[in-house]
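**Q** Each residue of the sequence shown is one higher than the one before, counting from 33 in my numbering. Every residue, glycine too, gets a C-beta built ideally from N, C-alpha and C.
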Amino acid sequence: MAKRSLTASPRRGITAPQGFRAAGIHCGIKKPGLLDLALVVSEQSGPIAGVFTRNQVVAAPVTVDRLHLRQGIGRAILVNSGNANACTGAKGLAAAKKTATVLARHLSIPSHHVFIGSTGVIGRALPVNRIVKGIPQLLIQLSDRGGLDAARAIMTTDLRPKSIVLQDSIGSRLITIGGMAKGSGMIHPNMATMLAYFTTDTSITRGALQRALSLAINESFNCISVDGDTSTNDTVLCLANGMAENRTIKEGTVAFRRFLLLLTEACRALALAICRDGEGVTKVVNIEVTSQGSFARKNLRLPWGWGKVVTGPRCGQPICRLTMSALTQAIDPRACSSVTGQFDFPR
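(1) Which word fits Q50, buried or exposed, when buried means at least 16 other C-beta atoms lie within 10 angstroms of its C-beta?
(2) Tell whether a beta-carbon distance below 8 Å holds between I61 and Q169.
(3) Nearest to I196 by CA position, among R300, I172 and G82, is which residue?
(4) Using only the alpha-carbon positions, how far apart do I3 and I148 sit?
(5) Give the secondary structure of T231 by DSSP, where H, G and I count as helix, E and B as strand, and everything else as coil.
(6) Hey, would you say G179 sits closer than 8 Å to C59, going by beta carbons?
(7) Tell me, to the nearest whole angstrom, how far the beta carbon of T208 is from that of D233; I am working on the premise that it is less than 8 Å.
(8) So which of Q76, F291, R184 and Q173 has the shortest CA-CA distance to D200?
(9) DSSP has V72 in a bridge; who is on the other side?
(10) C119 lies in the beta strand (DSSP E); which residues open and close that run?
(11) Between T133 and L110, is the Cβ-Cβ spacing less than 8 Å?
(12) In the DSSP output, what is D200 paired with across the bridge?
(13) Please classify T151: does DSSP put it in a helix, a strand, or coil?
(14) Name the residue from N117, A70, A127 and T120 whose alpha carbon lies nearest to the alpha carbon of A108.
(15) According to DSSP, which residues form a beta bridge with T267?
(16) Going by alpha carbons, who is nearest to I202 out of G274, N265, R86 and D190?
(17) Tell me the rounded alpha-carbon separation between F52 and S175.
(18) What's the gap between the Cα of Q103 and the Cα of R243?
(19) I'd like the span of the alpha helix (DSSP H) that includes P193, first residue to last.
(20) Using the three-state DSSP reduction, which class does D213 fall into: helix, strand or coil?
(21) Quick check on P159: does DSSP put it in helix, strand or coil?
(22) What does DSSP give as the partner residues of S61 in its beta bridges?
(23) Does the beta-carbon of N161 have 16 or more other beta-carbons within 10 angstroms, so that it is buried, or is it exposed?
(24) Tell me which residues share the same chain as L247 and place their Cβ nearer than 8 Å to its Cβ, disregarding the 5 neighbours each side in the sequence.
(25) Mind reading off the beta-carbon distance from G78 to C119? Whole number of angstroms is fine, and I expect it under 8 Å.
(26) Please classify I172 as buried or exposed, where buried requires at least 16 neighbouring CB atoms within 10 angstroms.
(27) Please report the distance separating the alpha-carbon of A48 from that of L206.
(28) Opposite I236 in the DSSP bridges: which residues?
(29) Can you name, in chain order, every residue of its own chain whose Cβ lies under 8 Å from the Cβ of T95, other than the five neighbours on each side?
(30) Quick test of your reading: D181 and L67, contact by CB under 8 Å. State the CB separation rounded to the nearest angstrom.
(31) For a quick check, are the C-beta atoms of I249 and V83 less than 8 Å apart?
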């Protein structure tokens, strides 16, 4: 059974695994006093996995991260809030590359070991000089207790920072997964408008890490919706440094399945935190699909992703939305109950 922590601790969230440090500062993108630049650094490079937005219009940092992910090795993650660097053309792409290059130079590592993220207002030029000037301060403040500041620095309309720590023993070694996320509005699969970053001290192959992250996202971030919008910046990254010194995990093994369960639980916890923090949200509804497989999952996303949903005695709205989807022919009207909210689908 995984040991779970969502409470305050000296090494919280993204810095809980061995060998990770983080920091969050104000560099001048947002109003004075608000953190807007986060950095996570591992003591040593390791395999990194990523999943990104499926929107046809992607932000500059997504383009850079996809390019760097081809090498499959990571060491640092730099994220700014307050500006999405999306729909900014060639200048935006150049600005994104510059932030990665400058940080890489400070750390004396290849630029493709640096991954970046941006979140905030779309269509405005990224104040790249403010970010560049903030990097030395970030490096000074790096700490294994900096996870909470980092989580705060990536917030936009979020009401609270979101972080998670999970631990489990695989073989004779204790492994840890730490994570942080932001997301509040424009939340809808695939993934939603959100950024999520995970670190782990697990020793795992690059292929196994990518497979585990993709599967975990399908059971978490790809299952949430607040208002039906999918963003240009959606990014989930998971960086492993192997410092737990466990036997290297490979796909298809018992150890891989244990790691997958742990990562899936971490993703689900942060996905639920995003839902609870959604703009205007007062209730969180969990829909359990017990039949029809991927067909039901795909089509149930539509009716529950259209903004506000009225439940209880005035539940006609979600029922109408459901029957407008491709599942219309599969619903037995006699099996619809306004009390239970349950629907029977033919096997």
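**A** Looking at the atomic coordinates:
(1) Taking the first residue of the sequence shown as position 1, residue 50 is located at position 18. It counts as buried.
(2) On the sequence shown, position 29 is the one that residue 61 refers to. On the sequence shown, position 137 is the one that residue 169 refers to. No, the pair does not count as a contact, with Cβ atoms beyond the cut-off.
(3) Translated into positions along the sequence shown, residue 196 becomes position 164. Ranking the options by Cα distance to I196, first place goes to R300.
(4) Absent from the structure is residue 3, since the part of the chain shown begins at 33 and ends at 379.
(5) Translated into positions along the sequence shown, residue 231 becomes position 199. Note: T231 maps to strand in three-state DSSP.
(6) To locate residue 179, count along the sequence shown from 1; it is residue 147. To locate residue 59, count along the sequence shown from 1; it is residue 27. No. Outside cutoff.
(7) Sequence index remark: in the sequence shown, residue 208 carries index 176 (1-based). Sequence index remark: in the sequence shown, residue 233 carries index 201 (1-based). At roughly 6 Å, the Cβ-Cβ gap stays under 8 Å, so T208 and D233 are in contact.
(8) As a position in the sequence shown, residue 200 is number 168, starting the count at 1. Of Q76, F291, R184 and Q173, the residue nearest in Cα terms is F291.
(9) Walking along the sequence shown from the start, residue 72 turns up at place 40. A54 and I109, per the DSSP bridge assignment.
(10) Stepping through the sequence shown from its first residue, residue 119 is reached at position 87. Counted as a single uninterrupted DSSP element, the stretch harbouring C119 is not any beta strand (DSSP E), since DSSP gives it neither H nor E.
(11) Along the sequence shown, read from residue 1 onward, the residue named residue 133 stands at position 101. Along the sequence shown, read from residue 1 onward, the residue named residue 110 stands at position 78. Going by beta carbons, T133 and L110 fall outside the 8 Å limit.
(12) As a position in the sequence shown, residue 200 is number 168, starting the count at 1. According to DSSP, D200 bridges with I207.
(13) On the sequence shown, position 119 is the one that residue 151 refers to. Looking at T151 - three-state DSSP - the assignment turns out to be strand.
(14) To locate residue 108, count along the sequence shown from 1; it is residue 76. It is A70 whose Cα lies nearest to the Cα of A108.
(15) Here residue 267 corresponds to residue number 235 of the sequence shown, with the count starting at 1. Paired residues: F84 and L227.
(16) Here residue 202 refers to the residue found at position 170 when the sequence shown is read from its first residue. Checking every option, the nearest Cα to that of I202 belongs to G274.
(17) To locate residue 52, count along the sequence shown from 1; it is residue 20. To locate residue 175, count along the sequence shown from 1; it is residue 143. If you take the alpha carbons of F52 and S175, they lie about 8 Å apart.
(18) On the sequence shown, position 71 is the one that residue 103 refers to. On the sequence shown, position 211 is the one that residue 243 refers to. CA-to-CA, the gap between Q103 and R243 works out to about 16 Å.
(19) Numbered from its first residue, the sequence shown carries residue 193 at position 161. Premise fails: P193 is in no alpha helix (DSSP H) and is neither H nor E.
(20) Your numbering for residue 213 matches position 181 in the sequence shown. Inspection of the sequence shows that residue 213 is occupied by Ala rather than by Asp. DSSP, read as helix, strand or coil, puts A213 in strand.
(21) Taking the sequence shown and counting its residues from 1, one reaches residue 159 at position 127. DSSP places P159 in coil when its eight states are reduced to three.
(22) As a first step, residue 61 must be located in the sequence shown, where it is residue number 29. What sits at residue 61 in the sequence shown is Ile, not Ser. Paired residues: none, contrary to the question.
(23) Working through the sequence shown from its first residue, we reach residue 161 at position 129. Looking at its Cβ environment, which holds fewer than 16 other Cβ atoms inside 10 Å, N161 is exposed.
(24) Counting from one through the sequence shown, the residue named residue 247 turns up at place 215. The answer, listed in chain order, is L292 and T296.
(25) Counting from 1 along the sequence shown, the entry for residue 78 is found at position 46. Counting from 1 along the sequence shown, the entry for residue 119 is found at position 87. Rounded to whole angstroms, the Cβ separation of G78 and C119 is 33 Å, and the two are not in contact under 8 Å.
(26) Residue numbering aside, residue 172 sits at position 140 when the sequence shown is read from its first letter. Result: exposed.
(27) To locate residue 48, count along the sequence shown from 1; it is residue 16. To locate residue 206, count along the sequence shown from 1; it is residue 174. Roughly 12 Å separates the two Cα atoms.
(28) As a first step, residue 236 is located in the sequence shown; it is residue number 204 there, counting from the start. Answer is I281.
(29) Locating residue 95 in the sequence shown gives position 63, counting from the first residue. By the criterion of a C-beta distance shorter than 8 Å, T95 is surrounded in its chain by L125 and A128, once the five residues flanking it on both sides are discounted.
(30) Taking the first residue of the sequence shown as position 1, residue 181 is located at position 149. Taking the first residue of the sequence shown as position 1, residue 67 is located at position 35. The beta carbons of D181 and L67 sit about 6 Å from each other, so the pair counts as a contact at 8 Å.
(31) For the purposes of this step, residue 249 is taken as residue 217 along the sequence shown, with counting starting at 1. For the purposes of this step, residue 83 is taken as residue 51 along the sequence shown, with counting starting at 1. For I249 and V83, yes; Cβs fall inside 8 Å.
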